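Peer 1:
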Amino acid sequence: MADKDVEQTEERGHAPGVWWAELGTWGAVALIVFGGVAGVWVTFRLPGTPENLAYSYYGAAKVVAIGLVTVGCTLLGRRRARAAATKEASEQERV
């Protein structure tokens with residue numbers, strides 16, 4: 009194959025993001041609720057609960073933690089955006 013046949017670009021593709029990156033506020037709240045329900049499910053040892061409860065609690069806690077971090081980041085981003093918009097509006101009124 010000649011060099012002319014191969015097109016080379018310097019751009020590198022972005023790696024796929026994590027699955028919870030685009031959940032938003034309501035998706036994060038759903039994760040928190042789902043993790044809480046999973047924790048209650050394990051506590052009452054309902055059908056489908058594994059023998060080793062520590063892994064089940066650990067999994068439920070991970071889901072809740074991901075939801076809490078996602079909702080915190082989403083709300084913090086909204087707060088910063090709102091503060092920046094308010095600051096721009098007040099600067100434009102002064103001029």
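So the sequence shown is residues 9 to 103, counted in this note's numbering. Using N, Cα and C, we set each Cβ at its ideal position, and we do this for glycine too. Small disclaimer: the values here were computed from a predicted structure and weren't measured.
If contact is defined by three or more beta carbon pairs under 8 Å, each pair taking one atom from either stretch, is the region 89–98 in contact with the region 52–68?
Peer 2: The region 52–68 vs the region 89–98: no contact.
Peer 1: In whole angstroms, what separates the C-alpha of W27 from that of W34?
Peer 2: Approximately 15 Å between the Cα atoms of the pair.
Peer 1: Compute the beta-carbon to beta-carbon distance between V50 and A68, rounded to the nearest angstrom, for a pair I have assumed lies under 8 Å.
Peer 2: Yes, V50 and A68 are in contact; Cβ-Cβ is about 6 Å, under 8 Å.
Peer 1: Count the other C-beta atoms from every protein chain shown that fall within 10 angstroms of the C-beta of V45, then say buried if there are 16 or more, exposed otherwise.
Peer 2: By the 10 Å Cβ count, V45 comes out exposed.
Peer 1: Pick from A62, T78, V48, Y66: whose alpha carbon is nearest that of A29?
Peer 2: With distances taken between Cα atoms, A29 lies closest to T78.
Peer 1: Just to confirm before moving on: does the CB-CB distance between G80 and L39 stay below 7 Å?
Peer 2: For G80 and L39, no; Cβs fall outside 7 Å.
Peer 1: When we look at the beta-carbon of V71 and count the other beta-carbons within 10 Å, is it buried (16 or more) or exposed?
Peer 2: V71 is buried by the Cβ-count criterion.
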